[in-house]
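With the first letter of the sequence shown counted as 1, position 17 gets the number 17 in full-length UniProt numbering; the numbers rise by one all the way through. Here a beta-carbon is modelled for each residue, glycine too, at the ideal position from N, C-alpha and C. The model shown is predicted, which means the values in this text are computed figures rather than measured ones.
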Amino acid sequence: MPAQANTAVQPLSFVGVHDHTPDMRMLYISSNVRHVLFFEPSQVIGRPSISFLADETSQEYRSICLPGVNDSVTIFYAYITRNNAPPLYMRSIHFSCDGVGFNACFVCPERSFSPQRQIPFMVEDTSAPIVENRIGLVVDTMEEQQTNQSRRCQEMNTNRRATRARSNSYLAQQLKSESRVPVLRACLVLDHMDEISEERPMGPNILFASSSFEKIVGADTCDIQNTPFLSLIVSQDISKAARFLDRLSRSANIVLETLLFKYCPFSELTEQAEHVEVEIMGAGSENGVILLCQFKTPGKRISKRTCDSDAEYISLGEIISSDGDTTDVPNWIHTL
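What follows is the structure, encoded as structure tokens:
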């Protein structure tokens, strides 16, 4: 009975980071993983990320993470293994940057694991209490339902692979074009998306910053980590940035925004007017968020947007496929 009282409030998302070595080992996982997958973070960090895939999508996921093949955002669906519980169907928003993979993962409660492809549960901590049906999923038992579900899944995966192949082919052509302006991208991981309060007036802290971010804002990555995100934003854009974070906390979709960051934010010699304009693509979960940041001319002090040629610049919005099956990006996102 006590377990049922907690069912409605269980988190349904988390954030994970892994490297791009052959094992694709986990570097970071947010604490919500213990409520969604029933693993402690310590049980996840250091393990190969593909070991948590409970279906035949590991090779497809590897292809997503190949350096230089997919430098944009990818929406990925897979059954994820849980600790001593049936696998869970999840949707992941994936960013690749600086040789690291970033994922915001969300439960898809309308899908359940098919017994046709059932895989033995992973049991690592038998002492941990497991609450049955915590997410409210029901496994189909009728043979006809299983067959139809398997067929729909195969058709969806086939369509998704074909669309992703077209998208990646287009992206590769654009990135290889000599007429395109080189861009610099970096990723940030922020902690809990609590409301801005007196205790946290500058919003969530930066837990992780990829190495290239220091080239965008002119500050060492070690200094950026554990810094409140809003403290890096110029004063006139703080309200805009706060609204951006609020939208991220309320949406399971990708959110785009353009913000002005302080240049050399920790230098006493930096003038207040010095800043850089950064495009941000964000994906939030219930206790963390990942941000893909892009700036075309790193290290340049600006007071307004400076593009050598807007026709040659690929924005973050432009490198997302327009096919809803691979992106889930709403139409209004391109008006930002």
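Do you know how far the Cα of residue j is from the Cα of residue i?
i           : j      : result
Val107      : Leu292 : 22 Å
Ile233      : Glu56  : 43 Å
Ile206      : Ala186 : 13 Å
Val131      : Ile80  : Note on Val131: pLDDT 31, under 50, position unreliable in the model; the coordinate value appears next. Taking the straight line joining both Cα atoms gives about 17 Å.
Phe213      : Val36  : 31 Å
Tyr89       : Pro109 : 7 Å
Lys262      : Leu248 : 22 Å
Phe86       : Leu53  : Before going further, note that residue 86 is Pro rather than Phe in the sequence given. Taking the straight line joining both Cα atoms gives about 12 Å.
Gln59       : Ser51  : 12 Å
Ser92       : Ser235 : 33 Å
Asp19       : Tyr61  : 13 Å
Ser30       : Asn253 : 19 Å
residue 341 : Gln43  : Absent from the model: residue 341. The displayed extent of the chain is 1 to 336, so no value can be given.
Arg82       : Cys264 : 43 Å
Leu184      : Asn84  : 42 Å
Leu12       : Phe38  : 12 Å
Val276      : Leu259 : 8 Å
Give the DSSP bridge partners of residue i, in chain order.
i      : result
Asp19  : Val100
Gly288 : Ser285
Thr74  : His94
Pro204 : None, per the DSSP bridge assignment.
Val107 : Met90
Are residue i and residue j close, meaning C-beta to C-beta below 8 Å?
i      : j      : result
Gly16  : Tyr28  : yes
Ile216 : Val278 : yes
Ser285 : Ala104 : yes
Val73  : Met202 : no
Gln225 : Ala209 : yes
Asp191 : Gly101 : no
Phe244 : Val255 : yes
What is the residue span of the beta strand (DSSP E) that residue i lies within?
i      : result
Ile280 : 275-285
Taking the alpha helix (DSSP H) that residue i falls in, what are its first and last residues?
i      : result
Ala186 : Premise fails: Ala186 lies in the beta strand (DSSP E), 184-190, not in any alpha helix (DSSP H).
Ile224 : 221-224
Ile216 : 213-217
Ile238 : 238-250
Glu60  : 58-64
Val36  : 33-36
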